[in-house]
Amino acid sequence: MKWYFASRMRHKEKLVEVSDFLKSKNETILSQWIYEDSLKPYDQNIDKVNVLSKKVVSNLLDSDIFVLISDPEGTDMFIELGVCLAKKELSKNIKIYIVGGYAKRSLMQLHPDILHVKDIKELFTLENIDTQEVTMPKLS
Numbered sequence: 018m019k020w021y022f023a024s025r026m027r028h029k030e031k032l033v034e035v036s037d038f039l040k041s042k043n044e045t046i047l048s049q050w051i052y053e054d055s056l057k058p059y060d061q062n063i064d065k066v067n068v069l070s071k072k073v074v075s076n077l078l079d080s081d082i083f084v085l086i087s088d089p090e091g092t093d094m095f096i097e098l099g100v101c102l103a104k105k106e107l108s109k110n111i112k113i114y115i116v117g118g119y120a121k122r123s124l125m126q127l128h129p130d131i132l133h134v135k136d137i138k139e140l141f142t143l144e145n146i147d148t149q150e151v152t153m154p155k156l157s
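First residue of the sequence shown: 18, per our numbering; consecutive thereafter.
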């Protein structure tokens, strides 16, 4: 399966760990932003931002599983969620998850196509990924 993770930058290192684990299970990680340096302030790095933002949309549309790590703050992750909800509406071939306790603060977070889970371990259990040999990082 092809996975895309959306979250605040502060979870980046933990998502690299999760992604490395998934790769060891022969899963594909499309959220390449976790391996990029920060481009803030965005308006001063417009050429790089243009390239990365186009790549993000392409990766979102190519994903089979979208995972939003909930947070009391954040902006881009909600745009990414919107792209995936549109994909779900048009093609039906994506699973959408929100992980954590800040998952029900807005209208769109309560869309009926979103599955809410408490943590990464619960998500992996639902996706039949064995986590016995690894400790899952706490993300929210």
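Beta carbons: idealized from backbone N, C-alpha and C, even for Gly.
- Its Cα nearest to that of Ile96, the residue Val74 stands out among Val74, Ser108, Trp50.
- Of the other Cβ atoms in all chains shown, fewer than 16 fall within 10 Å of the Cβ of Lys135; this residue is therefore exposed.
- For Tyr114, the beta-bridge partners assigned by DSSP are Val84, Leu132.
- With a threshold of 16 other beta carbon atoms within 10 Å, Ser87 meets it and is buried.
- When DSSP reads this structure, Thr45 sits in a beta bridge with Lys19.
- Closest in alpha carbon position to Leu47, among Ile82, Lys109, Pro129, Phe141, is Ile82.
- In the same chain as Ile51, and ignoring 5 residues on each side of it, the C-beta atoms closer than 6 Å to its own belong to Lys29, Leu32, Val33, in chain order.
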